[in-house]
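Trainee: Chains as they are written, first to last, in the working numbering: chain S, -15 to 411; chain V, -15 to 411; chain E, 12 to 388; chain P, 12 to 388. Every residue, glycine too, gets a C-beta built ideally from N, C-alpha and C.
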Amino acid sequence: MSEAATMTAPTEEAVRAEVCAWLDANWDPNLGLVEWRNRLIDAGWGAPTWPKAWHGRDLPPALAAVVDQEIRRVGAVNVARAGVRNLAAQTLLAHGTDAQKAAFLRPSLTGEYSWCQLFSEPGSGSDLAGAMTRAELKGNRWIVNGQKVWTTSAHHADWGLLLARTNWDAQKHQGLSYFLLNMHQPGVEVRPLRQMNGHASFNQVFFTDAEVLPEHLIGELGGGWAVATTTLMHERRGADGTGAAAGREPSAPRQGRIHDEERAEAAVANEPYTWYPQRAGRVDLVLERAKATGKIDDPVVRQEIAKLLILARSAEWTARRARAAQVQGRPQGPEGSLGKLAASHVARAAARVHTLISGADAMLSGADGPEDGIIAEILISVPAVSIAGGTDEIQRNIIAERVLRMPKEPGSSDDRPFRDVPKNVVG
Amino acid sequence: MSEAATMTAPTEEAVRAEVCAWLDANWDPNLGLVEWRNRLIDAGWGAPTWPKAWHGRDLPPALAAVVDQEIRRVGAVNVARAGVRNLAAQTLLAHGTDAQKAAFLRPSLTGEYSWCQLFSEPGSGSDLAGAMTRAELKGNRWIVNGQKVWTTSAHHADWGLLLARTNWDAQKHQGLSYFLLNMHQPGVEVRPLRQMNGHASFNQVFFTDAEVLPEHLIGELGGGWAVATTTLMHERRGADGTGAAAGREPSAPRQGRIHDEERAEAAVANEPYTWYPQRAGRVDLVLERAKATGKIDDPVVRQEIAKLLILARSAEWTARRARAAQVQGRPQGPEGSLGKLAASHVARAAARVHTLISGADAMLSGADGPEDGIIAEILISVPAVSIAGGTDEIQRNIIAERVLRMPKEPGSSDDRPFRDVPKNVVG
Amino acid sequence: MQFTFTSEQQEYRAVLRRYFADSSPTTEVRRLMETEQGWERDRWRDLNAQLGLCGVHVPEPYGGQGFGMVELGIVVEEMGRALVCAPYFASAVLATTAIMNAAAEAQKDALLPSLVAGDAVATLAFTEPNGRWDAGGVETTAVAVDGAFRLDGVKSFVLDGAAADLIVVLARAPGSSGEEGLSFFTVRGEADGLTRRALKSLDPTRKLAELTFKGAPAELLGELGKAAEPFAKTLRLAAIALANEMVGGADRLREDALDYAMMRVQFGRPIASFQSMKHKQADMLLEVELAKSAAYHAAQAAADDAADLAALASLAKAAASEAYLQTAIHAIQIRGGIGFTWDNDTHLWFKRAKSSEVFLGDATLHRERMMRAWGHR
Amino acid sequence: MQFTFTSEQQEYRAVLRRYFADSSPTTEVRRLMETEQGWERDRWRDLNAQLGLCGVHVPEPYGGQGFGMVELGIVVEEMGRALVCAPYFASAVLATTAIMNAAAEAQKDALLPSLVAGDAVATLAFTEPNGRWDAGGVETTAVAVDGAFRLDGVKSFVLDGAAADLIVVLARAPGSSGEEGLSFFTVRGEADGLTRRALKSLDPTRKLAELTFKGAPAELLGELGKAAEPFAKTLRLAAIALANEMVGGADRLREDALDYAMMRVQFGRPIASFQSMKHKQADMLLEVELAKSAAYHAAQAAADDAADLAALASLAKAAASEAYLQTAIHAIQIRGGIGFTWDNDTHLWFKRAKSSEVFLGDATLHRERMMRAWGHR
């Protein structure tokens, strides 16, 4: 939101009154999902922190939270604002042309366009800027060839946020450009990527002469890294739990055509995430499991459970300190960047405790395993927490350099032309 | 010992028989300490692994152990071969001229010369090659100015192993030279360095125009680092517990003038080390303390004690695997370099367990503290284990690079002239 | 539940931090810790007069400022950060809180104002040589001899016990046990039948004493036999205060270690540029921030009089015990040999971390208390 | 006590390592783990025939090679390293050891040769759905009905229990408890009154089954009511064997993770050149070497029939449980996302580490057993 906006921000009471009045007048569960969302968008209630010029009201986060609250309270559906969709929108708001904003923001909020992020590659895991997927301008088309990986929802995404190399003679970060790629075209092949826990919530995406229109270049040619960092910054916020996740909260089962449409949308969007609670360690199951098995009476197990609860609660309170500071509009303290690293510790500790509690049963999975296989899924899913969305090692680098302002390692600034930089052979 | 030697090594029986016969004929507790040691040295039994040309017999470690064993068995005194004295001798054997060996080896073995190591400086802790103490040749003397630190026994040493910079325009490692410095001269001031546990087992050594004779340069001018690595290699062996520590084992109280002399010598040599057992965590005290306090019945404490014992025993067995391989003359496996790092883990775990066992009493020290203050001394001495003689971080670097053959970090090879390298300002 | 400090609270913290930085440099800490008492009465009275520290959580009627546990938490956190040598924890936290929880109105009127003013220094004597941090460990007995009470028994680990003017003592009726028959008493520091012996503490900035009562004359504080509940409440608040003091010290250690790493050069580069150092500092930040969150949350819960305060207090103390000591260990390690020397200041906080780790009960004890308080059994 | 392997033992290890590397690549492990049985009888018979694995620790009179626990430790370590899919642990380690410890001479003559030859596959059924790894957990009863024994009860977590030809079962006299009234029995895999159900295991390379006995006919093995001591001895040796199998897997994981770090490039340099990676690899080496020392020492102690073997066996299992899982966690982390994929081999060992962590009792159980065995109470 703009500086000007914060200064002239209306009061909470005023906002609450205005949105309530509007909802009374407009909310109707028998509307079509897209139809209703267009109304929200026209009124600026769907994305209150966005600029007035683009479907928003320039409201500070604290007041936007009030709006979302009221929309939930009356049981109304909100716009589609979660996950990659939000990253796409924030990136367009920051770097898009008016034409691009006009073309993509509204259909994203209505849910008509769904998105996926095409950054990671097999050869460059933590080193996103080392992308080797190439985009070459041939005639009036960008021709894309290469391979991406860890792409959630690629199989049903309409558009992809693509980071591709357009200049191999420039230094690594200077040779990248950022495109919007239409996923519905022959040059794009999406293959599911099976994981050690049997789920396939990610995809590999292969480009063979895939096409991108010139007007779908975001930002400057060769300026892709700057655009990507905006996307990543918003992604990290989400991971820290400090981002606006309003759209994600599941609404209680309600009647009406619009709710059915929303549930169908959510079912598709959430399908890849069914095991994510297990990945996080399911701290919520620990006490009931300990009581069910009688291990709650074992002093040694009690200590381990206590350590886990202390870690989990402290992490939760740390995230809330960060959110509270953000809502107050005060500069966020160090606590903001710690959420992801803390989550890794919590998940690993939870897996240990679940093993301790389950004993021999920890060897069993599926229908034979405790909690109908949930415990086994925890044990073989937790290793992903400290990797997905930036490994613990990367998180520590980020905390050290961005929060603690510690210097980069020598030799980390590599000014060779990218074609001369050592790379992994992938194939 | 030389290659040739190993091939023609005599049998264990032969060696045992020969040394026994010699001891029967020569051992006499009423001899003077130096007198007796000179006999041992003349016979080559004092340093059996050393070359025949220099007081030794070119025996492999396994057979040398037999000799030491027999000397202990008959209750005879051995030569002075422990600690820095051994480092000095090994360094001279590897890099000294015949004149230097002739001048220093024998009086070291007899105990007439005691030694200290003048490597570390306030400005270069882990970075020994960053030494800033300068030696300049003026007329026919090397004039030494600067400051050393962490010098054990400097206050009663006769000679110092000095690493000093003789060329500031060469790269860091090329500008160093290695000298033997006479500690008994006006230009040398030794000040005790008090530690957080109240002990002062180290010294600071200040040089103000201290003098070194040209013939006391060891190895090449500018070749000091190569010589120092020999010293350090033998020091690390000692730290790993894989070195020949025969001389260090305290002999049981025995009668005779020579034993009194030896005890007096040991008292001086061991004085700085009284707190070292506490620094290592005193695992030996854990069970009796747990039984005395009744904490042995606490299942939680039992687990922590068990973890400690498992760690300590495994570390001990790992060191013995390394020694056994060494004695067999087989190439030492990775287990050899792990001793020091393992010792840090053991000590920290022991401090935790002692705290758990002592409870509120852990706040008390001296006569009011448990075990007459020993527990308190453990708690405030353990932090030194992971620092002294190479920090845990340095140990990990060494293991990664020398054992696992992992590459050095980029930028770690610094070919600037030393005068241009950033340094610490030391007050 | 509030998760940030108000701007007034932040301003108050800033004032205290500046003040303690000026008035309690480590040269001063070192000077005072070498004295037998560990603090100086005049300096302490002045400091208290200027900042009104002792009354921060005491209602105005007794001369206090009428703030709550959040403000008290800020005071002790800043004191822990600067390692201020003062009888604050003994007098303002332990004794004053016990009096507020247990005493009759008239007794509060009589005792609190001089403690708030810093004219008198008090402490709380409850633990005994058995080292237990609960009512069950109390063996000292109180008997009424023609109307006046007399105490017999030994108290140990009494904070500033050798210097305090007034000692609040937890004792029990002969033959009683556990939570039964417990009462608070006040005993004058100079009372007959009371022998005070300074204990040699591992942490020279925290003075402890052993008090032996042989028929020492005592005045009943509050209701006879009803001390169990106010004592438990006092211990909860004390644990929360200690946790806040500890995270203050831990955060100071972390910051100083970071400054050192930024300044110290090895192998031709600042050691702060080594990845292992960067990761260690990141881990330290995480551990300290988590412990701070627990300590702040407990203080806020106390201000809100939360139902599960007992669990949250033990949670905060357990988290602080681990985080402070671990941070102190790292802080020495980061400095290498220098960090182990007497002249380097790190050991001052290391020793405070070590004594704080077990004072009022170690992490293991408080984890078990937390589980019980939450009813997990 | 011997702290190195003889050159013969080292040569034996080298032969096995080469052999398993050729015969059990991960393509083969993946193929077999997808089968219900998890191994193939013919392949197994051939492999055993060529290397005489099943008889390594069995005296010559029974067709074995007459070596001891050190050689058995080498076999299982190399199998754990290559993740060989075979009924070795069930038949050669558990069942064969139980028979050697408990059976009468004539029974050994009758049973051992075919097990040593690999013609028959046996297993040991002792744990029950209560998941206890000791005699006290046994509820299955044996009753003599006109001269023949019949078993009733349920055994679970039985290794290769669904495929074994012969099952050695630990059962007790009705009404007995604890160490009393325990006897070993043999039951044919196809016996009436025995229902076998394969359990879905988290670790697909280790097949477990639940066996339900309803009046199943059984033959007494060894002395009636005297199984407690031979069972305890069998468990000790099994724990030592498992510890050695585990350190083999851990060392393989460590080496592969190191190779990956040397080869993988990020930010224009091999990730092996990052200090945090170097330190992690050093820590992994330390943890694995310590666990290897404990496992080797326990095997040697078994060969020497050391007095405190029970303690040393539990020590080795506890150390291996922690080291194997921790190494597996690091091995995945070092590879990043790739390490979490199904096509990457790391998870095969991770899952084996996870099931081995609790099989025969977790680290907590064995730490307590070690303390008791050493008489620390």
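1) Which first and last residues belong to the beta strand (DSSP E) in which glutamate 240 of chain E is found?
2) Using the three-state DSSP reduction, which class does leucine 371 of chain E fall into: helix, strand or coil?
3) Do you know how far the Cα of aspartate 404 of chain S is from the Cα of serine 284 of chain P?
4) Using a Cβ-Cβ cut-off of less than 8 Å, give me the residues of the stretch 277 to 297 of chain P that come near chain E, in sequence order.
5) Using a Cβ-Cβ distance cut-off of 7 Å, determine whether glutamine 101 of chain V contacts chain S.
6) Could you check where the beta strand (DSSP E) with lysine 225 of chain E kicks off and where it finishes?
7) Measure the alpha-carbon distance for glycine 231 of chain V versus arginine 41 of chain P and round it to whole angstroms.
8) CA-CA distance, serine 167 of chain P and leucine 135 of chain P?
9) Taking only beta-carbon atoms, is alanine 313 of chain E less than 7 Å away from chain S?
10) Shorter than 7 Å from the beta carbon of proline 394 of chain V to some beta carbon of chain S?
11) Starting from the Cα of leucine 112 of chain S, find the closest Cα among S:Leu102, S:Glu120, S:Ala119, S:Leu121 and give me that residue.
12) Should threonine 197 of chain E be labelled buried (16 or more other beta-carbon atoms within 10 Å of its own) or exposed?
13) Out of curiosity, what's the CA-to-CA distance linking alanine 329 of chain P and glutamate 150 of chain P?
14) Would you verify that the beta carbon of methionine 167 of chain S is, or is not, closer than 7 Å to some beta carbon of chain E?
15) Going along the stretch 296 to 329 of chain V in order, which residues come within less than 7 Å of chain P, judged by CB to CB distance?
16) Of the choices S:Arg178, S:Gly67, S:Gly59, S:Ala115, whose alpha-carbon is the least far from that of threonine 352 of chain P?
17) So what does DSSP say about leucine 170 of chain E, is it helix, strand or coil?
18) Would you please verify whether the beta carbon of arginine 378 of chain P is less than 7 Å from any beta carbon of chain V?
19) Using a Cβ cut-off of 7 Å (strictly closer), state whether phenylalanine 14 of chain P contacts chain V.
20) Candidates P:Ala324, P:Gly189, P:Ala133, P:Thr37: which alpha carbon is nearest aspartate 373 of chain P's?
21) Pull out every residue of the stretch 327 to 338 of chain P whose Cβ sits closer than 8 Å to any Cβ of chain V, in chain order.
22) Could you tell me the distance, in whole angstroms, from the CA atom of proline 45 of chain S to the CA atom of alanine 306 of chain E?
23) Ignore the nearest five residues each way along the sequence and tell me which others in serine 125 of chain P's own chain have a CB closer than 8 Å to its CB.
24) Consider the Cβ of proline 283 of chain V: report whether some Cβ of chain S lies at a distance smaller than 7 Å.
25) If you run the structure through DSSP and keep just helix, strand and coil, what is proline 234 of chain V?
26) If the criterion is Cβ atoms closer than 7 Å, does the pair tryptophan 301 of chain S and serine 287 of chain E meet it?
27) With DSSP as the reference, label lysine 132 of chain S as helix, strand or coil.
28) Check the Cβ of alanine 324 of chain P against every Cβ in chain V and list those closer than 9 Å, keeping chain order.
29) Excluding the five sequence neighbours on either side, which residues of its own chain have a C-beta within less than 6 Å of the C-beta of tryptophan 126 of chain V, listed in chain order?
30) DSSP beta-bridge partners for lysine 122 of chain S?
31) Between proline 415 of chain S and glutamine 84 of chain S, which are expected to be in contact by the criterion C-beta below 8 Å, what is the C-beta distance as a whole number of angstroms?
32) Could you check which residue in V:Glu173, V:Ala9, V:Pro406 has the C-alpha nearest to that of valine 189 of chain V?
33) Could you spell out where the alpha helix (DSSP H) holding arginine 175 of chain V opens and where it closes?
34) Between which two residues does the alpha helix (DSSP H) harbouring alanine 303 of chain S extend?
35) Within its chain, find whatever has a CB closer than 8 Å to the CB of alanine 314 of chain P; leave out the 5 residues flanking it on each side and keep chain order.
36) Run through the DSSP bridge pairs and tell me what glycine 144 of chain S is partnered with.
Mentor: So, from the data block:
1) Here the question's residue 240 of chain E lines up with position 229 in the third sequence. Unbroken run through glutamate 240 of chain E is the alpha helix (DSSP H), 239 to 274; no beta strand (DSSP E).
2) Translated into the one-based positions of the third sequence, residue 371 of chain E becomes position 360. Residue state, collapsed to three classes: coil.
3) As a first step, residue 284 of chain P is located in the fourth sequence; it is residue number 273 there, counting from the start. As a first step, residue 404 of chain S is located in the first sequence; it is residue number 420 there, counting from the start. Rounded to the nearest angstrom, the two C-alpha atoms are 19 Å apart.
4) Residues are counted here when their Cβ sits less than 8 Å from a Cβ of chain E; for the stretch 277 to 297 of chain P these are Phe285, Gln286, Ser287, His290, given in chain order.
5) The residue you call residue 101 of chain V lines up with position 117 of the second sequence. The beta-carbon of glutamine 101 of chain V is placed no less than 7 Å from the nearest beta-carbon of chain S.
6) Numbered from 1 along the third sequence, position 214 holds the residue referred to as residue 225 of chain E. Here the beta strand (DSSP E) through lysine 225 of chain E covers 219 to 232.
7) Reading the second sequence from its first residue, position 247 is the one you call residue 231 of chain V. Reading the fourth sequence from its first residue, position 30 is the one you call residue 41 of chain P. Low confidence applies here, because glycine 231 of chain V scores a pLDDT of 39, under 50, leaving its location unreliable; read the following figure in that light. Looking at the two C-alpha atoms, the distance is approximately 57 Å.
8) Sequence index remark: in the fourth sequence, residue 167 of chain P carries index 156 (1-based). Sequence index remark: in the fourth sequence, residue 135 of chain P carries index 124 (1-based). One C-alpha to the other measures close to 11 Å.
9) Numbered from its first residue, the third sequence carries residue 313 of chain E at position 302. No, alanine 313 of chain E lies away from the interface with chain S (no Cβ there is under 7 Å from its Cβ).
10) The residue you call residue 394 of chain V lines up with position 410 of the second sequence. At a cut-off of 7 Å between C-beta atoms, proline 394 of chain V counts as an interface residue with respect to chain S.
11) Here residue 112 of chain S corresponds to residue number 128 of the first sequence, with the count starting at 1. Out of S:Leu102, S:Glu120, S:Ala119, S:Leu121, S:Leu102 has the C-alpha closest to the C-alpha of leucine 112 of chain S.
12) Here residue 197 of chain E is taken as the residue at index 186 of the third sequence, counted from 1. By the 10 Å Cβ count, threonine 197 of chain E comes out buried.
13) For the purposes of this step, residue 329 of chain P is taken as residue 318 along the fourth sequence, with counting starting at 1. For the purposes of this step, residue 150 of chain P is taken as residue 139 along the fourth sequence, with counting starting at 1. C-alpha separation (whole angstroms): 27 Å.
14) What you label residue 167 of chain S is simply residue 183 of the first sequence in a count that begins at 1. Not closer than 7 Å to any Cβ of chain E, the Cβ of methionine 167 of chain S fails to qualify, so no.
15) Taking 7 Å as the Cβ-Cβ cut-off against chain P, the residues of the stretch 296 to 329 of chain V that qualify are Arg297, Ser298, Ala299, Trp301, Thr302, Arg304, Arg305, Ala308, Ala309, Gln312, Pro318, Glu319, Leu322, Leu325, Ala326.
16) For the purposes of this step, residue 352 of chain P is taken as the residue at position 341 of the fourth sequence. Minimum Cα distance to threonine 352 of chain P is reached at S:Arg178.
17) The count along the third sequence starts at 1 and reaches residue 170 of chain E at position 159. Correct three-state label for leucine 170 of chain E: strand.
18) Your numbering for residue 378 of chain P matches position 367 in the fourth sequence. It does; some Cβ of chain V falls within 7 Å.
19) Here residue 14 of chain P refers to the residue found at position 3 when the fourth sequence is read from its first residue. Judged by the 7 Å Cβ criterion, phenylalanine 14 of chain P is in contact with chain V.
20) Sequence index remark: in the fourth sequence, residue 373 of chain P carries index 362 (1-based). When each option's Cα is compared against that of aspartate 373 of chain P, the closest is P:Ala324.
21) Those would be Ala329, Ala330, in chain order.
22) By 1-based counting over the first sequence, the position of residue 45 of chain S is 61. By 1-based counting over the third sequence, the position of residue 306 of chain E is 295. Each residue's Cα considered, the two are about 27 Å apart.
23) The residue you call residue 125 of chain P lines up with position 114 of the fourth sequence. Counting only Cβ-Cβ distances below 8 Å, and skipping sequence neighbours, we find Ala131.
24) Position 299 of the second sequence, counted from the start, is the residue given in the question as residue 283 of chain V. So, interface residue.
25) Counting from one through the second sequence, the residue named residue 234 of chain V turns up at place 250. Caution applies to proline 234 of chain V, whose pLDDT of 45 falls short of 50 and renders its modelled position unreliable; the value that the coordinates give is listed next. The DSSP-derived three-state label of proline 234 of chain V is coil.
26) One-based indexing of the first sequence puts residue 301 of chain S at position 317. One-based indexing of the third sequence puts residue 287 of chain E at position 276. It is not a contact, given that the beta carbons lie outside the stated cut-off.
27) Here residue 132 of chain S refers to the residue found at position 148 of the first sequence. DSSP places lysine 132 of chain S in strand when its eight states are reduced to three.
28) What you label residue 324 of chain P is simply residue 313 of the fourth sequence in a count that begins at 1. Within chain V, not a single residue places a beta-carbon under 9 Å from that of alanine 324 of chain P; the smallest gap is close to 12 Å.
29) Against the second sequence, residue 126 of chain V aligns to sequence position 142. Excluding sequence neighbours, tryptophan 126 of chain V sits near Ala119, Val196.
30) Indexing the first sequence from 1 puts residue 122 of chain S at position 138. Looking at the DSSP output, lysine 122 of chain S bridges to S:Arg125.
31) There is simply no residue 415 of chain S to check, as chain S begins at -15 and stops at 411 in what is shown.
32) Start at 1 with the first residue of the second sequence, and residue 189 of chain V comes out as number 205. Minimum Cα-Cα distance from valine 189 of chain V among the listed residues V:Glu173, V:Ala9, V:Pro406 corresponds to V:Glu173.
33) Counted from its first residue, the second sequence places residue 175 of chain V at position 191. No alpha helix (DSSP H) holds arginine 175 of chain V; the beta strand (DSSP E) holding it covers 172 to 177.
34) What you label residue 303 of chain S is simply residue 319 of the first sequence in a count that begins at 1. Taken as a continuous stretch (DSSP letters only), the alpha helix (DSSP H) holding alanine 303 of chain S covers 283 to 311.
35) As a working note, residue 314 of chain P is residue 303 in the fourth sequence. Sequence-distant partners of alanine 314 of chain P (beyond 5 residues in either direction) whose C-beta falls short of 8 Å from its own C-beta, in its chain, are Gly79, Met80, Val81.
36) What you label residue 144 of chain S is simply residue 160 of the first sequence in a count that begins at 1. S:Cys100, S:Leu165, per the DSSP bridge assignment.
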